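The structure under discussion appears below in the form of structure tokens.
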Amino acid sequence: MKAVWVIAKKELRAYFTSPIAYVVMTVFLVLVGFFFYSLMWWFNAQSMQAAQNPAYAQQMNINQMVFGPLFNNMSIILLLMLPLLTMRLFAEEKKIGTEELLMTSPITVGQVIAGKFLASFLVLAAMLALTGILAVFPFLYGNPELLPILNGYLGLLLMGGAFLAIGIFFSSLTENQIVAAILTFGALLLFWILNWASSSAAGFWKDVLNYVSFFQHFDNATQGILDTADLIYYASFAFFGLFLTHSVIQSRRWR
Amino acid sequence: MDKLKAHLNSIGLGLFGLALVALKFWPQSGLLAALLAALGLAALVGYFVLHAGDLKQGLKRRAFLYSSNLALMIILTLAILTLINYIGARHHKRFDFTEAKVHSLSDQSITVAKALKQDVQVKAFFREGNYGRARLEDLLKIYAYHSPRVKYEFIDPDKNPGLVKRYEVTQDGTAIFESGDKDTRITETTEEAVTNAMIKVTRAKSKTILFLEGHGEKSTEATDENGISFAKDELAKLGYQVKKQTLARPEVLTAGCALLVVPGPQKDLAPAELDAIGAYLKSGGRVLFLVDPQVAPGLPAFLVGFGFRLENDLLFDRPSILGGDYLMPVMSELAEHAITRNFRYATVYPLARSVDIIEPKPEGVATSQVLGKTSDNAYAKKGFALKPKMTLKEIAFDAKADRRGPIPIAGLATLKPSTDAAGKAGPEGRLVVFGDSDFAANRYFDAYGNGNLFLNAANWLTEEADLISIQPKTQNPRTLQLTPGQGRTIFWFSVVLLPLFVLAFGLSIWFRRRAL
Chain C
1 MKAVWVIAKK ELRAYFTSPI AYVVMTVFLV LVGFFFYSLM WWFNAQSMQA
51 AQNPAYAQQM NINQMVFGPL FNNMSIILLL MLPLLTMRLF AEEKKIGTEE
101 LLMTSPITVG QVIAGKFLAS FLVLAAMLAL TGILAVFPFL YGNPELLPIL
151 NGYLGLLLMG GAFLAIGIFF SSLTENQIVA AILTFGALLL FWILNWASSS
201 AAGFWKDVLN YVSFFQHFDN ATQGILDTAD LIYYASFAFF GLFLTHSVIQ
251 SRRWR
Chain F
1001 MDKLKAHLNS IGLGLFGLAL VALKFWPQSG LLAALLAALG LAALVGYFVL
1051 HAGDLKQGLK RRAFLYSSNL ALMIILTLAI LTLINYIGAR HHKRFDFTEA
1101 KVHSLSDQSI TVAKALKQDV QVKAFFREGN YGRARLEDLL KIYAYHSPRV
1151 KYEFIDPDKN PGLVKRYEVT QDGTAIFESG DKDTRITETT EEAVTNAMIK
1201 VTRAKSKTIL FLEGHGEKST EATDENGISF AKDELAKLGY QVKKQTLARP
1251 EVLTAGCALL VVPGPQKDLA PAELDAIGAY LKSGGRVLFL VDPQVAPGLP
1301 AFLVGFGFRL ENDLLFDRPS ILGGDYLMPV MSELAEHAIT RNFRYATVYP
1351 LARSVDIIEP KPEGVATSQV LGKTSDNAYA KKGFALKPKM TLKEIAFDAK
1401 ADRRGPIPIA GLATLKPSTD AAGKAGPEGR LVVFGDSDFA ANRYFDAYGN
1451 GNLFLNAANW LTEEADLISI QPKTQNPRTL QLTPGQGRTI FWFSVVLLPL
1501 FVLAFGLSIW FRRRAL
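Set out below in structure tokens:
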């Protein structure tokens, strides 16, 4: 465990001494902030209209109408941003030749992967935590529910974790960071839109496509629902991504 | 030649690929595909024969052993993960963190879902962007969570005209529930509607509705404009068995009759028949009376015993409907009741009479109320005889003799349930009385909300204890009222200050590191 933390610390330092983490975070915050502001503005206008009609006002729910769409938007921005956080992790080692050092050190491959994953996961958590500050405004000016919001953040964190694991896998495949990022982005997008294909499928394949796609699982998270099936799905995804990474790096020893 | 020898494997696989392409695009010429496949096979066999020595060595090599081992590991891991996910998806727990539990079913619905013993297939016809779709999908998803027997699919009517035709869907937002050979349909997306549809469609026997005949009533067989076949067809679509029935044998009423409709008899019912209906009502029966003016005077006298007073009058209404005349009063005031809940349409009653509630209620009547009234433009003329030609003056409102609107056109009553020897209360009798039968006839069934109101009344009448009512969930309004200043604060903080702060922080560290 200590070895994992050593690797994680090293990677965190690398993140925050290069501009990547800051640029990713800043762009992420600008986009999320803008979405948040527009949704609040729209919801405010809707509330104003609803005030004249009690039956309609009852339907107004800031959790469903601001945070639900916001979480959806955030998940798509993460899909675009997270490949940039993971692209460096193994590709750079390979490029500048430090991979050999890692391979011959007493630290196991599993620990190296876990450490790198942990570091990127912590950066993700920090990004999400910063957007959490925005949620103060609705609580100041309105009466949102806290639990569904926390549930939404949990969903983002888990989904982001799965994204990161896939990103790490693609980073281990190549020594070119850009290639790693583009491959990751393509793979994530494919898994995201897989359920579009489900509308033309039927029966068993429809269920499979729906299940494998990120979309359906994240839908629950935006609505304040926690489903154990979703937890298993994200954990499996992350685990398989990291397992593949492990396989790729192991295979280098005898290739 | 050596080159060819080395690439024989790729050539073989390529030929196989071509065979597949040939099969896909020219399926009729199977010979070509077979030829290509045979050539490919020959090339592959040739490759293995020629390279037998190399392959034997290769198989022993470390790299081959490792990589096949690795492939096996990956496949195995994937299989295990698939299994875990399969089990996890089948046996999952769901937590609803919203305060009003908007994504959860009521206890009643959960009981219904868990008690399902046969599969229920829901086909929901919703256009893309129909507002109710998300709500219904949410409900069905939770239903499927509680019972593996519930399956559902959403069908876009625009893209599936064949299915629309087959299921006779006439309204966007119709959900059809099928189970075994039974089906029922709903157009509401409330939990109550879904749960009751589940109950209806899985009930052992479908309910029977009898239409009385033998006294010049409107016939369920007649498809012309005076018949009542449209109403019959719509009831059948809702899952009811509809039959016409004389009362020659009064026992047909008790044996599994969910509702008796008396569709405007033109001649009086025999006393024995009225007795049979009375006994049926008191034992928990349900009857829908459509009573036309000026004919069959025995029926109003009979209804007095159940708390209804039907004067011998005729309703007039200033034509508020384009093309309508004075004899087509409109029901514009609806009373609060399950029948009229969510009902927004006007209904028209050509040649109608008034239906009043007698207070105090007669013995045996538990509740009674007016269902709907005309506007105050309408008026009732007592004992008015229709003639082929009438002047406006003859039918004009006479302040001295005529009754001024609003005038009730329909009413309903529930009866006190009889108790058996053990003191257990039986089902409550229910009756609805309309002062007109034409409104439900084919000519007017599709006019305005007529058909809907008729079906609502029939549904309420056939309701049993197993159908349930679920209050819609009330959630606190969670609105927002921002002042312009607050709006500006949100903008500056979320779009500008917060990102700027992170950027400045990052840049300062980065520059300091570079300076080192």
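In the order they appear, the protein sequences are chains C and F.
Going letter by letter, the first sequence gives residues 1 to 255 in this note's numbering.
Going letter by letter, the second sequence gives residues 1001 to 1516 in this note's numbering.
Idealized CB from N, CA, C, for every residue including glycine.
From a predicted model like this one, the values you see are computed outputs, not experimental measurements.
Interface annotation for the segment 1078-1100 of chain F against chain C: Leu-1078, Leu-1081, Ile-1084, Asn-1085, Gly-1088, Ala-1089, His-1092, Lys-1093, Arg-1094, Phe-1095, Asp-1096, Phe-1097, Thr-1098 and Glu-1099, criterion Cβ-Cβ distance under 8 Å. Comparing C-alpha distances from F:Ala-1441 to each of F:Tyr-1240, F:Ser-1229 and F:Ile-1155 shows the shortest one belongs to F:Ser-1229.
Of all residues in the segment 70-99 of chain C, none is placed with a Cβ closer than 7 Å to any Cβ belonging to chain F. With contacts defined as CB atoms closer than 8 Å, F:Leu-1498 and C:Asn-44 fail to qualify as a contacting pair.
Beta-bridge analysis with DSSP links F:Val-1433 to F:Phe-1289 and F:Gly-1411. With contacts defined as CB atoms closer than 8 Å, F:Leu-1210 and F:Val-1252 qualify as a contacting pair.
The DSSP assignment places complete beta strand (DSSP E) segments of no fewer than 3 residues inside the segment 1304-1330 of chain F at 1313-1316, in order along the chain. Only Phe-36, Tyr-37, Met-40, Trp-41, Phe-43, Asn-44 and Ser-47 from the segment 35-47 of chain C bring a Cβ to less than 7 Å from some Cβ of chain F. Residues of the same chain with a CB within less than 7 Å of the CB of C:Lys-95, apart from the 5 flanking positions on each side, are Glu-175 in chain order.
Against chain C, the CB of F:Phe-1511 has no partner CB under 8 Å away; the residue lies outside that interface.
According to DSSP, F:Val-1370 shares a beta bridge with F:Gly-1411.
Exclusion of the five residues before and after C:Ala-197 leaves Leu-209 as the residues of its chain whose Cβ lies within less than 6 Å of its Cβ. Beyond the five residues adjoining it in sequence on each side, C:Lys-206 comes within less than 6 Å, by CB distance, of Ser-198 in the same chain, given in chain order. A check of alpha carbon separations from C:His-217 across C:Asp-230, C:Ile-225, C:Gly-224 and C:Gln-223 identifies C:Asp-230 as the nearest.
Legend: CB atoms of the segment 108-120 of chain C lying less than 8 Å from CB atoms of chain F are not found in any residue. Around the beta carbon of F:Val-1045, fewer than 16 other beta carbons sit within 10 angstroms, so the residue counts as exposed.
For C:Glu-11, none of the residues of chain F pass the 8 Å Cβ criterion, the least Cβ distance being about 16 Å.
DSSP places F:Asp-1356 in the strand class (E or B) of the three-state scheme.
Of the residues assessed, F:Tyr-1145 falls on the buried side of the cut-off, its CB having 16 or more other CB atoms within 10 angstroms. Taking every protein chain shown into account, the CB of F:Gln-1057 has fewer than 16 other CB atoms within 10 angstroms, so this residue is exposed.
Every alpha helix (DSSP H) of 4 residues or more that sits fully in the segment 1214-1285 of chain F is shown, in chain order, as 1229-1237 and 1271-1282. Think of a sphere of 7 Å around the beta carbon of C:Thr-228: the chain F residues whose beta carbon falls inside it are Gly-1088, His-1092 and Lys-1093, in chain order. The beta-carbon distance between F:Arg-1478 and C:Pro-144, rounded to whole angstroms, is 6 Å. This is short enough to meet the 8 Å contact definition.
Only residues of its own chain outside the window of five on either side were considered, and among them Gly-1426 have a CB closer than 8 Å to the CB of F:Asp-1420, listed in chain order. Comparing alpha-carbon positions, the option among C:Trp-41, C:Met-48, C:Ser-18 and C:Gln-64 lying closest to F:Thr-1489 turns out to be C:Trp-41.
Between the alpha carbons of F:Lys-1003 and F:Phe-1016 lies a distance of about 20 Å.
As computed with DSSP, F:Leu-1480 is found in a beta bridge with C:Gly-142. Residue-level contact check: F:Ile-1176 does not touch chain C, since none of the beta carbons of chain C fall below 8 Å from its beta carbon.
Taking 7 Å as the upper bound on Cβ-Cβ separation, chain C lies near no residue of the segment 1179-1204 of chain F. Per DSSP, reduced to three states, the secondary structure at C:Asn-61 is strand. Classified as buried, C:Gln-64 has 16 or more neighbouring CB atoms from the shown chains inside 10 Å of its CB. Taking C:Ile-107 as reference, the option from C:Gly-224, C:Phe-16, C:Ala-8 and C:Tyr-37 with the minimal CA-CA separation is C:Ala-8. Counting C-beta pairs closer than 8 Å gives three or more between the segment 60-80 of chain C and the segment 152-170 of chain C, which meets the contact rule. Contact with chain C is found for F:Leu-1498, since one of that chain's Cβ atoms lies less than 8 Å from the residue's Cβ. Going by C-alpha positions, F:Val-1261 is about 34 Å away from F:Pro-1157.
With a cutoff of 8 Å on beta-carbon distance, F:Gly-1411 and F:Gly-1284 are scored as not near each other.
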